[in-house]
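Asks: Pasting a structure here, questions to come.
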Amino acid sequence: MHWIVYIRSGDADWRQHFFSPSWYFEDRVVLQGNLLQQLTPEEQLGVFKGLMKDSTPTQTKSFCLSKMSTEQFEEVIKEEPLNVFIALFNWPLHLQFQEMTDRFFLLLSKKDFLCFLFDVILEKMELNSMDSDYVYLLNELWNKCPDNFKKYMDNSGVSNILKNTLKHVNNK
């Protein structure tokens, strides 16, 4: 509703109009526009941190990652490693995901790893977009996976579901 007030105000310079940071969370179109670029790096970081929370759509998170500076990215990945890796797993950032697999197991817990697998597999299957690039990335990640993470998954009671899903996807 802030935009209605703004339009009615007739302000020539929209940068002089105050937009609360929560406004950026409400509308992805605003995020993709020019307003984000007008914020200070600290204000941008606040917006990025807020948008990396669970309820934000993955594609919006991916977009935010593509707009972050290296410093902002490092700050955000410390606070939200699971959501950052899920967003990195999506096109067009999946190549950056591949470059970061060495950091993956340093930043995520075993439980987060299990959540990551569920999230990306279910999302890709739901969107019917589990192509060979994603299968390759998952297999590469699994091959780098420490034994204690694999054991955790095996003991979770859902390992058969995940393994069968990956096997099914690999056979397509």
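Residue numbering for the sequence shown follows full-length UniProt numbering, beginning at 1 and increasing consecutively. Think of the CB as a built atom: it goes at the ideal place given N, C-alpha and C, for glycine as much as any other residue.
Are residue 93 and residue 69 close, meaning C-beta to C-beta below 8 Å?
Replies: Contact: no.
Asks: Just verifying my parser: in three-state terms, what is the DSSP assignment at residue 115?
Replies: Helix, per DSSP.
Asks: Quick check on residue 90: buried or exposed, where buried means 16 or more other Cβ atoms within 10 Å of its Cβ?
Replies: Buried.
Asks: Please name the residue, chosen from 162, 164, 118 and 99, that lies closest to residue 140 on a Cα-to-Cα basis.
Replies: Of the candidates 162, 164, 118 and 99, the one whose C-alpha sits nearest the C-alpha of residue 140 is 99.
Asks: Can you have a look at residue 77 and say buried or exposed, based on whether 16 or more other CB atoms are within 10 angstroms of its CB?
Replies: It counts as buried.
Asks: Quick one: Cα of residue 44 to Cα of residue 84, how far?
Replies: C-alpha separation (whole angstroms): 16 Å.
Asks: Taking the alpha carbon of residue 86 as the point to measure from, which residue in 71, 67, 75 and 56 has its own alpha carbon closest?
Replies: Comparing Cα-Cα distances from residue 86 to each of 71, 67, 75 and 56, the minimum goes to 56.
Asks: Residue 148 and residue 111: beta carbons closer than 8 Å?
Replies: Result no, Cβ atoms of residue 148 and residue 111 do not sit closer than 8 Å.
Asks: Compute the beta-carbon to beta-carbon distance between residue 117 and residue 81, rounded to the nearest angstrom, for a pair I have assumed lies under 8 Å.
Replies: In fact, because the Cβ distance is near 15 Å, the residues do not count as touching under 8 Å.
Asks: Thinking just about the alpha-carbon of each residue, which of 52, 42, 101 and 114 is nearest to the one in residue 157?
Replies: Cα-wise, what sits closest to residue 157 is 114.
Asks: Sort 162, 36 and 38 by Cα distance to residue 119 and report the nearest one.
Replies: Cα-wise, what sits closest to residue 119 is 162.
Asks: Expressed to the nearest angstrom, what Euclidean distance is found between the alpha-carbon atoms of residue 150 and residue 5?
Replies: Those two C-alpha atoms are separated by around 54 Å.
Asks: Please classify residue 51 as buried or exposed, where buried requires at least 16 neighbouring CB atoms within 10 angstroms.
Replies: The residue in question, residue 51, is buried, as its Cβ has 16 or more Cβ neighbours within 10 Å.
Asks: The alpha helix (DSSP H) that contains residue 99, what's its start and end?
Replies: Run containing residue 99: 94-99, per the alpha helix (DSSP H) assignment.
Asks: Measure how close the beta-carbons of residue 137 and residue 73 come, nearest whole angstrom, since I'm counting them as under 8 Å.
Replies: Not quite, the Cβ-Cβ distance comes to about 19 Å (not below 8 Å), so this is no contact.
Asks: Nearest-angstrom Cα distance between residue 65 and residue 155?
Replies: Taking the straight line joining both Cα atoms gives about 33 Å.
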